[in-house]
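**Student:** What follows is a single structure, and I will ask about it in a moment.
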Amino acid sequence: MDKFISWLEAHDKLSGWAQFLGAMLALLLTYFTAFAPLWRRRRQLHRAALRLLSNGYEAIESYHRTSANFLPFPLSLRAAALTMTGVADEIDRFPVFELDDQGSRSVARYLIAMAIILKGLELFLEPIAAELEGREATAEDQVTIRTFVGERLDFVRAMMTGAELKRPEWPV
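Under this note's numbering, the first residue of the sequence shown is numbered -3, with each subsequent residue one higher.
So, in structure tokens, the structure goes:
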């Protein structure tokens, strides 16, 4: 260190450059320490969004898998609807607009689509639960529910894997 200091004293014209480099290093260090919490928050938000997407997928998938083993009854349909509504409410409370990516294939759009799908399933299951209140469910009811939930599950699976999603074509 003594040699370095004596060399700087011998070359006093370079001391200005050394001071400049030290100041630049300090500015860079300040920049990184100032923005590191923001970068960390963005990563945390992105991971939380992906976790919410997987929660929505798991809510749909778990009902679809277990509904093959029993005929639907009002309590099971209402429990499934409440589960899906709970996950949709969690997605609604998530700060979607703080996510970086807002494009057509972004996590933010996938979150909104997932919430809409979950709420749609709740709107589908609640009237069926009310209809089944006074009677026994049939195998046809089970097939109808499983088909509708299965179509939504296939859509969500395609959305999460990045497959090309096509708009539905309505019959004329």
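Here a beta-carbon is modelled for each residue, glycine too, at the ideal position from N, C-alpha and C.
Quantities reported herein were computed from a predicted structural model and do not represent experimental measurements.
So what does DSSP say about L4, is it helix, strand or coil?
**Tutor:** Helix.
**Student:** Compute the beta-carbon to beta-carbon distance between A49 and Y106, rounded to the nearest angstrom, for a pair I have assumed lies under 8 angstroms.
**Tutor:** According to the sequence shown, residue 49 is Leu rather than Ala. That belief holds up - the Cβ atoms of L49 and Y106 are roughly 6 angstroms apart, short of 8 angstroms.
**Student:** Answer with buried or exposed for L121, where buried requires no fewer than 16 other C-beta atoms within 10 angstroms of its C-beta.
**Tutor:** L121 comes out buried.
**Student:** Between A45 and V83, which are expected to be in contact by the criterion C-beta below 8 angstroms, what is the C-beta distance as a whole number of angstroms?
**Tutor:** Not quite, the Cβ-Cβ distance comes to about 13 angstroms (not below 8 angstroms), so this is no contact.
**Student:** Along the chain, where does the alpha helix (DSSP H) containing V103 start, and where does it finish?
**Tutor:** Element bounds for V103: 103 to 127.
**Student:** Let me confirm a value: E165 is counted as buried when at least 16 other C-beta atoms fall within 10 Å, else exposed. Which label applies?
**Tutor:** Exposed: under 16 other Cβ atoms inside 10 Å.
**Student:** With distances taken between CB atoms, is the gap from G52 to M110 smaller than 8 angstroms?
**Tutor:** A contact, by the Cβ cut-off of 8 angstroms.
**Student:** If you run the structure through DSSP and keep just helix, strand and coil, what is P68?
**Tutor:** Of the three classes helix, strand and coil, the one that applies to P68 here is coil, per DSSP.
**Student:** Within this structure, are the beta carbons of A30 and F69 separated by less than 8 angstroms?
**Tutor:** No, the pair does not count as a contact, with Cβ atoms beyond the cut-off.
**Student:** How long is the line joining the alpha carbons of R39 and L149, rounded to whole angstroms?
**Tutor:** About 27 angstroms.
**Student:** Please report the straight-line C-alpha distance between N171 and L41, rounded to a whole angstrom.
**Tutor:** A question about residue 171 goes unanswered here, because the residues of the chain that appear run from -3 up to 168.
**Student:** Run the CB neighbour count on A32, radius 10 Å, all protein chains shown included, and call it buried at 16 or more, exposed below.
**Tutor:** Classification for A32: exposed.
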